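In my numbering, the protein residues as written are -18 to 96.
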């Protein structure tokens, strides 16, 4: 059974930073493609960034230059460093793990950007 546990969300002022973490257990972490998604109130869940098993990364245009995804295979953990946060980044952020046709999700962590 694969389990994903996110942490690091909270309330931050515009222009501030947060780092989200997602610890994965139950399978060999290095095999997974890992990703962060977010869902704002009244909107669909959307991809924010991904990191492949080999380390290649992708981020959507709205967060490029501000958010950085990384992984530590020794700790079975993926991170999302979020800088220069904007009110429109407010959402529940979800960690995703994908391998061999199977998707696994964390429970989500709230990020609120407000003054």
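Where a beta carbon is used, it is the ideal one built from N, C-alpha and C, also for glycine. None of the values given here were measured: they were computed from a predicted structure.
With 16 other Cβ atoms within 10 Å as the buried cut-off, status of residue i
| i | result |
| --- | --- |
| residue 55 | exposed |
| residue 78 | buried |
| residue 40 | buried |
| residue 50 | buried |
| residue -9 | exposed |
Sequence-distant residues of its chain with Cβ nearer than 8 Å to residue i (five each side left out)
| i | result |
| --- | --- |
| residue 71 | 21, 92, 93, 94 and 95 |
Cross-strand partners of residue i (DSSP beta bridge)
| i | result |
| --- | --- |
| residue 1 | 61 |
| residue 15 | 32 and 78 |
Own chain, CB closer than 7 Å to residue i, minus 5 neighbours either side, in chain order
| i | result |
| --- | --- |
| residue 97 | Residue 97 cannot be examined here, being either before or after the span of the chain that is shown, -18 to 96. |
| residue -7 | -1, 66 and 94 |
Secondary structure of residue i, DSSP reduced to three states
| i | result |
| --- | --- |
| residue 84 | strand |
Start and end residues, beta strand (DSSP E) containing residue i
| i | result |
| --- | --- |
| residue -13 | -16 to -12 |
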